[in-house]
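S.K.: Residue numbers (the numbering used here), protein chains in the order written: chain A, 271 to 389; chain B, 21 to 193.
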Amino acid sequence: MIATYIIYLFMGIGIFFMLLGGIGLIRFPDVYTRLHAGTKCTTFGSIFLTLSVVILGLKTWYLGDVNGSVLAIHTIIALAAILITNPTGAHAIARAAHRSGVKPVNAVVDDLEKEEKKK
Amino acid sequence: MLAFVVTSLVCFLTYLFLTTGSGSIAGLWSIEEILLGLLLSLFAGFISQNIFIKDSYRMANPKRWLLFLVYLFGPFFIGMAKANFDVAYRVITGKINPGIVRISPGIKTDLGITMLANSITLTPGTLSVDVDEKTNDLYVHWINVKEEALKKKPVDERYICGSFPKWVRRIAE
Chain A
271 MIATYIIYLF
281 MGIGIFFMLL
291 GGIGLIRFPD
301 VYTRLHAGTK
311 CTTFGSIFLT
321 LSVVILGLKT
331 WYLGDVNGSV
341 LAIHTIIALA
351 AILITNPTGA
361 HAIARAAHRS
371 GVKPVNAVVD
381 DLEKEEKKK
Chain B
21 MLAFVVTSLV
31 CFLTYLFLTT
41 GSGSIAGLWS
51 IEEILLGLLL
61 SLFAGFISQN
71 IFIKDSYRMA
81 NPKRWLLFLV
91 YLFGPFFIGM
101 AKANFDVAYR
111 VITGKINPGI
121 VRISPGIKTD
131 LGITMLANSI
141 TLTPGTLSVD
151 VDEKTNDLYV
161 HWINVKEEAL
171 KKKPVDERYI
181 CGSFPKWVRR
191 IAE
């Protein structure tokens, strides 16, 4: 019974951070800050959403259905894939944006730009 | 030969991990799945042995994997949780002070710098944009640049990623 409440709690947290990610995408001024909103909030959001699925799987397994293990283990693997691909993708987009000349809006400092001028 | 055995073993374990719930051996697997998994992992090990194991068996040490798990659930998770509350605050208030800074963590291996760059991207208001491949310096987009951090160049990595470089060095080097 407690497991059900934990599942609802985790889903709530996950959905809240997903929503913040979406708001951030609209509010922030340029590609880099938007990537911050997209990666951060989506990662934390998807961690909690997948954790709620894992708990559901473990609960099903505990209650005697062996298919619960499939649900739990596959979701953990999906979470690992998200944690690896999410920063890699963000890194690739940011690098491509900077190489094609998109400057960070309102930047206080840009060490990378100086470095590119030197070359 | 050792590379072949290690690669096949890893493939086989992964296959077993993915096919739980198929039968009754040890409560989880069926005999068909185990036989097919063995066949496929031998085949995959034969093809990919030179890709999977490149230079050394450094990462085969279970102590490194244990340290990795400690890092993942300890300092990294705390850092990421803080990141999310910080970014959530900035999303709601719209207060940002962005900039790209250079940090010099002094990590030598490719795996180490990959791990550090990914950790930085997942933590408070920081996003790794580019890497200097000669010196393994990272260029980090920072959403809230602190004035005192800019006095020294390259910027002290303490401001950006705390104790991550120390952990990465213990895990991957």
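Glycine is no exception: its CB is placed at the ideal position from the N, C-alpha and C atoms.
Should the region 332-345 of chain A be regarded as contacting the region 108-118 of chain B, the criterion being three or more beta carbon pairs within less than 8 Å?
M.R.: They do not touch, by the three-pair rule.
S.K.: Could you tell me whether the Cβ of A/Lys329 comes closer than 8 Å to any Cβ of chain B?
M.R.: Closer than 8 Å: no.
S.K.: For the beta strand (DSSP E) that B/Val165 lies in, which residues bound it at each end?
M.R.: Counting along the chain, B/Val165 falls outside any beta strand (DSSP E), and DSSP gives it neither H nor E.
S.K.: Just verifying my parser: in three-state terms, what is the DSSP assignment at A/Ser316?
M.R.: helix
S.K.: Can a CB atom of chain B be found closer than 8 Å to the CB of A/Val340?
M.R.: yes
S.K.: Kindly indicate if chain B contains any beta-carbon less than 8 Å away from that of A/Val336.
M.R.: yes
S.K.: Taking DSSP as the reference, what is the three-state secondary structure of B/Ile127?
M.R.: coil
S.K.: So, does the CB of B/Ile191 fall closer than 8 Å to a CB anywhere in chain A?
M.R.: no
S.K.: Figure out for me which residue from B/Ile191, B/Ser148, B/Pro185, B/Gly132 has the closest Cα to the Cα of A/Tyr302.
M.R.: B/Ser148
S.K.: Taking C-beta pairs closer than 7 Å, name the residues in chain A that B/Gly114 reaches, listed in chain order.
M.R.: The answer, in chain order, is Arg297.
S.K.: Quick check on the burial criterion: 16 or more other C-beta atoms within 10 angstroms. Buried or exposed for B/Tyr159?
M.R.: buried
S.K.: Given that a residue counts as buried once 16 or more other Cβ atoms are within 10 Å of its Cβ, and exposed if not, what is B/Glu167?
M.R.: exposed
S.K.: What I want to know is whether the C-beta of A/Thr303 ends up closer than 7 Å to one or more non-hydrogen atoms of the ligand FAD.
M.R.: Absent from the structure shown: the ligand FAD. Ligands present: none.
S.K.: Determine, using beta carbons only, whether A/Ile343 and B/Thr40 come nearer to each other than 8 Å.
M.R.: yes
S.K.: Drop a sphere of 10 angstroms on the beta-carbon of B/Asn138, count the other beta-carbons inside from all chains shown, and report buried for 16 or more, exposed for fewer.
M.R.: buried
S.K.: If you draw a straight line from the alpha carbon of B/Arg178 to that of B/Tyr91, how long is it in whole angstroms?
M.R.: 17 Å
S.K.: For chain B, check one thing: does any of its Cβ atoms lie closer than 8 Å to the Cβ of A/Leu279?
M.R.: Against chain B, the CB of A/Leu279 has no partner CB under 8 Å away; the residue lies outside that interface.
S.K.: I want to verify the contact list: residues of chain A whose CB lies under 8 Å from the CB of B/Thr40, in sequence order.
M.R.: Val336, Ser339, Val340, Ile343
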